[in-house]
Amino acid sequence: MIIAIDGPAASGKGTIARRLAAHYRLPHLDTGLLYRAVGAKALENNVDFDDAAALAGIAAALDLAALDAEALKAGPVGEAASKVAAVPEVRAKLLKLQQDFAHQPGGAVLDGRDIGTVIAPDAEVKLFVTATPEARAERRFNELLKRGEEVTLAAVLDDIRRRDARDSGRSSAPLMQAPDAQVLDNTGLDVEGSWQAALALAERARAAAGL
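Encoded structure:
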């Protein structure tokens, strides 16, 4: 069984994906970490974000086992990841890696921007998790504060809106809801409420697929 979870930044899709993976005992891949890793490496080596060949080279050398999720969650890396994700050459390098993970024996849970539309359009369970930009900005703001980063809510909201525009407007695999995905708008839900709603939608999809 493949579970594809898509949605914009700070929608809570990662938390839902991790909990669904644990619930169904499936491996999980946060595909955003791949782009964050490329972005972080580009920042570290002062690579120009317009240098598609150099960015693709970084993507080709990625090692899933070496990804440090916590280190890759820093604020500047998120902006870099959004820029990197708009580069078709980078997406092409990471495509097979993600597809292989999704189609491993037994299945998997993946979350990102194009899982249900590009990576695993054959997924039995597809969720599109979203919330208003304001709600997502507040979540990200509180998350960054807990990490000790000095940010303002206004700056985080501006960043969220820029990333939404970039993710939805890019030519290669833009952020969009798959036609057969179930939508979960968790604007007014807390973490537990969002999880329960996601589980109910997943169970509905599983039943429809005869699983």
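Going left to right, the sequence shown walks through residues 1 to 211 as full-length UniProt numbering numbers them. C-beta: ideal position from N, C-alpha, C; glycine also.
Could you name the residues that DSSP lists as bridge partners for residue i?
i, result
"Ala-182", "Before going further, note that residue 182 is Gln rather than Ala in the sequence given. Beta-bridge pairing links Gln-182 to Leu-127."
"Ala-108", "Ile-2"
"Glu-29", "The question names Glu, but residue 29 in the sequence shown is Leu. Answer by DSSP bridge pairing, in chain order: Leu-110."
Among residues of its own chain, excluding the 5 on either side of residue i, which ones have a beta-carbon nearer than 6 Å to its beta-carbon?
i, result
"Ala-131", "Ser-11, Asn-186 and Thr-187"
"Glu-89", "Ala-52 and Ala-56"
"Ser-194", "Gly-12 and Asn-186"
"Arg-140", "Ala-10 and Val-156"
"Val-118", "Ala-173"
"Val-151", "Leu-144"
"residue 213", "Outside the shown range of the chain (1 to 211) lies residue 213, about which nothing can therefore be said."
"Leu-67", "Leu-33 and Ala-37"
Please identify the residue among the options whose C-alpha is closest to the C-alpha of residue i.
i, options, result
"Ala-61", "Leu-94, Arg-139 and Phe-128", "Leu-94"
"Ala-69", "Glu-150, Asp-30, Gly-148 and Leu-43", "Asp-30"
"Leu-201", "Asp-190, Glu-192, Ala-181 and Val-191", "Ala-181"
"Gly-106", "Tyr-24, Val-87 and Pro-174", "Tyr-24"
"Arg-147", "Asn-45, Gly-14, Lys-73 and Ala-22", "Lys-73"
"Glu-149", "Ala-71, Gln-196 and Gly-14", "Ala-71"
"Ala-102", "Pro-76, Leu-26 and Val-191", "Leu-26"
"Glu-44", "Pro-121, Leu-189, Pro-76 and Ala-120", "Pro-76"
Taking the Cβ atom as the reference point for each residue, do residue i and residue j lie within a distance shorter than 8 Å?
i, j, result
"Val-109", "Gly-39", "no"
"Gly-116", "Ala-178", "yes"
"Arg-161", "Ser-82", "no"
"Leu-64", "Ala-198", "no"
"Arg-170", "Ala-86", "yes"
"Val-129", "Leu-184", "yes"
Sorted by chain position, which residues of the same chain lie with C-beta nearer than 7 Å to residue i's C-beta, five sequence neighbours on each side aside?
i, result
"His-157", "This sequence places Leu at residue 157; His is not what is there. Correct list, in chain order: Pro-133, Glu-134 and Ala-137."
"Arg-18", "His-28"
"Ala-42", "Phe-49, Leu-55, Ile-58, Ala-80 and Val-84"
"residue 283", "Absent from the model: residue 283. The displayed extent of the chain is 1 to 211, so no value can be given."
Near residue i, what residues of its chain come up, given a Cβ to Cβ distance below 8 Å and the 5 sequence neighbours on each side ignored?
i, result
"Arg-206", "Met-1, Glu-124 and Val-125"
"Arg-163", "Pro-8, Ala-9, Gly-78, Glu-79 and Ser-82"
"Arg-204", "Gln-182"
Would you verify that the beta carbon of residue i is, or is not, closer than 8 Å to some beta carbon of chain B?
i, result
"Arg-36", "The chain labelled as chain B is not found in the depicted structure, where only one protein chain is given."
Stretch-stretch touch, CB-based, cutoff 8 Å, three pairs: the stretch 92-105 with the stretch 27-34: The stretch 92-105 vs the stretch 27-34: in contact.
Count Cβ pairs between the stretch 194-211 and the stretch 117-130 that sit closer than 8 Å; are there 3 or more? yes
Using 8 Å as the Cβ pair cut-off and three pairs as the minimum, do the stretch 111-119 and the stretch 5-25 touch? With the cut-off at 8 Å, the stretch 111-119 and the stretch 5-25 touch.
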